[in-house]
Structures are given as C-alpha cells and as structure tokens.
Amino acid sequence: MKILPLLLLFFCLWAPFTTNAQRVIERGWILNPMESKSYQPEDHDRKWFSQVGGWGSFGSYALSGDRDHHWYQQLAAFAEIYRHGNEWSVAVTSQIEFIANDDNDVNFSPRAIFWEEGLLITRRQNRFFLQLGYYHRCKHDIDNLRIGEERTSVFGSAMAAIIFPFRTGNSRATLAFRYDHYTITWEKRTPHEYWNAGPNWEDLISSATMNADWLVPAGSLNLHLNGYAMGTLLRNESLFNGMVRAEIGRKTAAGDLRFGVHLEYLGDSGIPVRPRAVTLIGAGVRIMAPGSVL
425 MKILPLLLLF FCLWAPFTTN AQRVIERGWI LNPMESKSYQ PEDHDRKWFS QVGGWGSFGS
485 YALSGDRDHH WYQQLAAFAE IYRHGNEWSV AVTSQIEFIA NDDNDVNFSP RAIFWEEGLL
545 ITRRQNRFFL QLGYYHRCKH DIDNLRIGEE RTSVFGSAMA AIIFPFRTGN SRATLAFRYD
605 HYTITWEKRT PHEYWNAGPN WEDLISSATM NADWLVPAGS LNLHLNGYAM GTLLRNESLF
665 NGMVRAEIGR KTAAGDLRFG VHLEYLGDSG IPVRPRAVTL IGAGVRIMAP GSVL
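Offset between the sequence shown (1-based) and the working numbering: plus 424.
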C-alpha cells in the first residue's frame, strides 16, 4: 500500500506541468453507490428507489489562482433508482461547480457555473466494481456582459470505469480508472475572434482518468491523501489535468466531513474566452455521503 501515495504524487504533480485538459466536475470524486453505509441490502433484495446521497464542497482559492478564481462551491447528489442485492445498482447523478471571483464590493462576484447530469450503472465483481454510464455536461457564464466576453460549452460522454478497493490493517485505499468517449462537443465564444485560440473543446475525442484515495486512521480522526490525473485526446493534441489533496476528516452519522488543502493544475480552466492555464491552491471543507463518495 505504500506505493499508492507515490503513484498519486507522480501522476498529479509531475504530469500537469507538461500538458492540460478540459474541466469536468466529478474529476475529484469517486462515486460508488454500492459502497453506501446508509443502505446495505441482503443478496436477495430487489428494490426500486433504494437510496439517495449527496456531497459537496466549499472553499477559497485566495492563496493562488487567477482573476477568475477566488471562491468555489461544488454541490452534487445521486439517487439510486434500482438495486439488485449486492450485485447491481442503477443510479442518476447531478452536480454543479460554481466559481466566483472577488471583483465587486463584497468580494464575491459570480463568474461561471458548470453543470452535469449522469446515468450510472454499477456491477460488483469479486474484488472490484465495474461501471458504465453517460454524462451530459455544460458550462455557462453568469454575469459576464459587463466584461465583454462569453464562453459557453456543451459536451457529453459515454463512460466506463473500474474501481478497486484495498485494505491493509487499519488503512483503506481506493483506485479508480475511467474512460470517456465524447459524443457531444460544442462551444461558443464571444467575441468571435477568440474562436481559434486553443484548446478547443469541440475537438474532444476521449479521456482517461485515474482517481485515488488513501485513508489512514489517526485516533478519532482520519487522514486522507487523494487526487486525480486526467489525460485527454483531442483531434490534434494530447492534453492533461491533475490534482493532489491532503485532508483531515471525521465520520459522523450525517456523513464524512473533511477539511483540507489541494493543489490543482488546469491547462484550460474553461472560463475565459481566451483559454488559459491556471494553477490553483485551494482550502476548504468537503461533506460526502458515508461510504459511497470518496
């Protein structure tokens, strides 16, 4: 298990400084409804509308960022619409990522919102989980007429993933590998002269993502090291994103509460009309449904 943090640091810190990729909301999460602590059926149980769960985060990029990033908020939920014992799960998901800068009198000016909806099918194997699904995504500007620019995008993908949970003593680790093939790619930029500034999300073909979470109990608290690495294939180039995050948390009856800091590199933040890379240092809180979200 000691190899996990080394792999995570390698992919999430070294690779991002060479390339970049598009921004998706669930890049920093591993969602697995079958690992939920709130609903644990018997093998023979069959049930419709078996459980719901939610997760979210809020924090600041005050330590590092650009003129677009100062505050962030992510909110998400899943509803499991069918459960076949401990073998199959069918769920729908929805999530948003809200970005604000400090360019107004109250230091909180809405800048952009990213939106996703998805269908997720999960199958338990002996020691791992298989997932299939489809995600529809869009990004919209909020109050950008006053700065004279607008960037809107719509894209969707069919996905397949494999999730490996591990346990060694008291520690627990989870690795997830995901592949997305993009079926919808559309983007509009105003003013139009920035249309040819790359990367262009209309050129998306596919992406591969690795997520990892490593938990070490420390008394009544838990220490977490987690993050992701994401490589994307466009029509004329290969690009990359990545993040590493350290958190301290505690499991409660309402869910998993974590406080932490993270370092993330986005080759294209998806916000300005002329695409720009950004390195973000964020600090904040995350709250997740127990077991099902990492």
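All residues carry an ideal CB built from backbone N, CA and C; glycine is no exception. Just so it is clear, the structure is predicted and the values come from calculations on it, not from any experiment.
Asked, Found
"Going by alpha carbons, who is nearest to Ser644 out of Ala621, Leu681, Gly651 and Tyr652?", "Leu681"
"Report buried or exposed for Glu720, applying the criterion of at least 16 other Cβ atoms within 10 angstroms of its Cβ.", "The question about residue 720 has no answer, for the chain in this structure spans 425 to 718."
"Are Ser631 and Leu657 close, meaning C-beta to C-beta below 8 Å?", "yes"
"Contact check, Ile454 vs Asn635 under 8 Å by CB: the rounded distance?", "5 Å"
"Nearest by alpha-carbon distance to Gly572: which of His686, Arg535 and Ser484 is it?", "Arg535"
"Pick from Tyr559, His564 and Thr592: whose alpha carbon is nearest that of Ala582?", "Tyr559"
"Got a sec, what are the start and stop residues for the beta strand (DSSP E) Leu645 sits in?", "Leu645 to Leu658"
"Would you give the residue range spanned by the beta strand (DSSP E) that Ala584 belongs to?", "Glu574 to Thr592"
"Give the range of the beta strand (DSSP E) segment to which Ile705 is assigned.", "Val702 to Met712"
"Which same chain residues, not among the five before or five after Glu574, have their C-beta less than 8 Å away from its C-beta?", "Asp565, Asn568, Lys612, Arg613, Thr614 and Val697"
"So, helix, strand or coil for His508, using DSSP?", "strand"
"Just to check my reading of the structure: Pro457 and Ser662 have Cβ atoms closer than 8 Å, yes? What is that Cβ distance to the nearest angstrom?", "In fact, because the Cβ distance is near 32 Å, the residues do not count as touching under 8 Å."
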